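Inspection log for the structure reproduced underneath, given as structure tokens.
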Amino acid sequence: MRERDILRRTSRSFYLTIRLLPRAVRGDVSLAYLLARATDTIADTSTAPPERRIALLREARNSVGKIRIEGFDADAWARDQRDPAEADLLRALPQLWSRLPAREETVRALLIRVMDHILEGQIFDLERFSPNAPPLTREELERYTFLVAGSVGEFWHDLCRHRLADYSRDNSDVMRRRARHYGQGLQLVNIIRDRAMDDALGRVYLPEGEVVRAEAQARDWLGEGAEYCAALRSGRLRYATLLPALLGLRTLGLSAAQPRGTLTPAKVSRSELRRWMCRAIRVWLSASAVMPLVRAASK
102 MRERDILRRT SRSFYLTIRL LPRAVRGDVS LAYLLARATD TIADTSTAPP ERRIALLREA
162 RNSVGKIRIE GFDADAWARD QRDPAEADLL RALPQLWSRL PAREETVRAL LIRVMDHILE
222 GQIFDLERFS PNAPPLTREE LERYTFLVAG SVGEFWHDLC RHRLADYSRD NSDVMRRRAR
282 HYGQGLQLVN IIRDRAMDDA LGRVYLPEGE VVRAEAQARD WLGEGAEYCA ALRSGRLRYA
342 TLLPALLGLR TLGLSAAQPR GTLTPAKVSR SELRRWMCRA IRVWLSASAV MPLVRAASK
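All residue numbers for the sequence shown refer to my numbering, where the first residue is 102 and numbers rise by one.
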């Protein structure tokens, strides 16, 4: 199955971002996304006992940068999936995994580092939420959002800086911090959006008294993401990178408007997604359009 088709079927919004990226970084970002999504699918396979999932994720972590994951039976894990797209992704995982060692040295090191962080976060998540586990502390939440998403922001920055000439107008350390916080902000949006459903399953990422603070933190981090986007010199990259922030801000607004305890997560509709894609075209032409759009999405 073609990689692009798997991307399209396993990601509704991020597929749009990847498709819009400059060709120089598109392939490596696609590979990183698919590897992370595949290991996340393993972590979420509820038909397998947690111990079995943890053992395989540990083996995957030990195998990052190698040609294969020892002991991984792709067909067996694929049969455990309810979603045909995720089943196809796991069948494709051995081929995808084998591509990482062939990447050029700098990119290979970046991919290995981000996958190591992501797998550490997925293992932490499974081990931390044993039956009757207490809510995450602030420190644990900060660590978790970094491992599974902030590290992705750093990878994104490092890859773009390596591959794209005249990448940004701002200092690299500042851009890397913004990218890290942007990733954490997007993950925090997901946690807020899915909070009621996760609570019902005994996975309390945010206790009731922390929700307002977390919403403010998510908005601050997405604001840093907007600053990151505004400093990018490539209009194409600016447009692709800003879309998740706009959708994240809209998701926060929709989640806040839901009645307390609603189990169905709030989602931006396809029609609204298309509208924001059209409105955001202006940032392709001018970085000055970034902040007005962010303010509009925050309402």
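Ideal placement from N, C-alpha and C gives every residue a C-beta, glycine not left out. The model shown is predicted, which means the values in this text are computed figures rather than measured ones.
What are the start and end residues of the alpha helix (DSSP H) that includes Thr246?
For Thr246, the uninterrupted alpha helix (DSSP H) run begins and ends at 239-246, by DSSP.
Does the region 322-330 touch the region 273-290, meaning 3 or more C-beta pairs lie closer than 8 Å?
When C-beta atoms of the region 273-290 are compared with those of the region 322-330, three or more pairs fall below 8 Å, so the two segments count as touching.
Give the straight-line distance between the Cα atoms of Ser399 and Leu350, rounded to the nearest whole angstrom.
So the alpha carbons of these two residues sit roughly 5 Å apart.
Whether Arg435 touches Val384 by CB criterion (9 Å)
Because the chain is modelled from 102 through 400, residue 435 falls outside the range shown and cannot be assessed.
Residue from Pro150, Ala149, Ala144 whose Cα sits closest to the Cα of Leu158:
Looking from the CA of Leu158, the closest CA among Pro150, Ala149, Ala144 belongs to Ala144.
Starting from Gly349 and walking both ways along the alpha helix (DSSP H), at which residues does that stretch end?
For Gly349, the uninterrupted alpha helix (DSSP H) segment begins and ends at 336-358.
Could you check if Ala234 is buried or exposed, using at least 16 other CB atoms within 10 Å of its CB as the buried criterion?
By the neighbour-count definition (other C-beta atoms within 10 Å, threshold 16), Ala234 is an exposed residue.
Could you check where the alpha helix (DSSP H) with Ser199 kicks off and where it finishes?
Run containing Ser199: 185-200, per the alpha helix (DSSP H) assignment.
So, are the CB atoms of Arg304 and Pro366 less than 9 Å apart?
It is not a contact, given that the beta carbons lie outside the stated cut-off.
Who are Leu333's beta bridge partners in DSSP?
For Leu333, which the question treats as bridged, DSSP gives the partners Ser269.
Limits of the unbroken alpha helix (DSSP H) element including Pro151:
Its alpha helix (DSSP H) spans residues 151-164.
Thinking just about the alpha-carbon of each residue, which of Ser356, Pro123, Leu265, Leu394 is nearest to the one in Gly326?
For the residues Ser356, Pro123, Leu265, Leu394, the minimum Cα distance to Gly326 belongs to Leu394.
Put Tyr116 into one of helix, strand or coil per three-state DSSP.
Tyr116 falls in the helix class under three-state DSSP.
Short of 7 Å in beta carbon distance, which residues of its chain neighbour Asp181, apart from the five on each side in sequence? Order them along the chain.
Thr146, Thr148, Ala149.
What does the Cβ neighbour count give for Pro345, buried or exposed, with the cut at 16 atoms within 10 Å?
The residue is buried, with at least 16 neighbouring Cβ atoms inside 10 Å.
Please classify Arg296: is it buried, with 16 or more other beta-carbons within 10 angstroms of its beta-carbon, or exposed?
In this structure Arg296 is buried. Its beta-carbon is surrounded by 16 or more other beta-carbon atoms within 10 angstroms.
Selected residue, minimal CA-CA separation from Met298, among Gly362, Glu309, Glu316:
Comparing alpha carbon positions, the residue from Gly362, Glu309, Glu316 closest to Met298 is Gly362.
Where do the ends of the alpha helix (DSSP H) carrying Thr140 lie?
That run of the alpha helix (DSSP H) goes 124-144.
Could you tell me the distance, in whole angstroms, from the CA atom of Ser131 to the CA atom of Gly254?
Ser131 and Gly254 have their C-alpha atoms some 14 Å from each other.
With a threshold of 7 Å on Cβ separation, who are the neighbours of Glu187 within its own chain once the five nearest residues in sequence on each side are excluded?
For Glu187, where only same-chain residues beyond five positions count, the Cβ hits under 7 Å are Thr111, Thr142.
Same chain only: Cβ atoms within 7 Å of Asp217, ignoring 5 sequence neighbours per side:
Only Arg162, Val165 meet the Cβ criterion.
Please work out which residues of its chain come closer than 8 Å, Cβ to Cβ, to Pro195, disregarding the five sequence neighbours upstream and downstream, and give them in chain order.
The answer, listed in chain order, is Arg169, Ile170, Phe173, Ala175.
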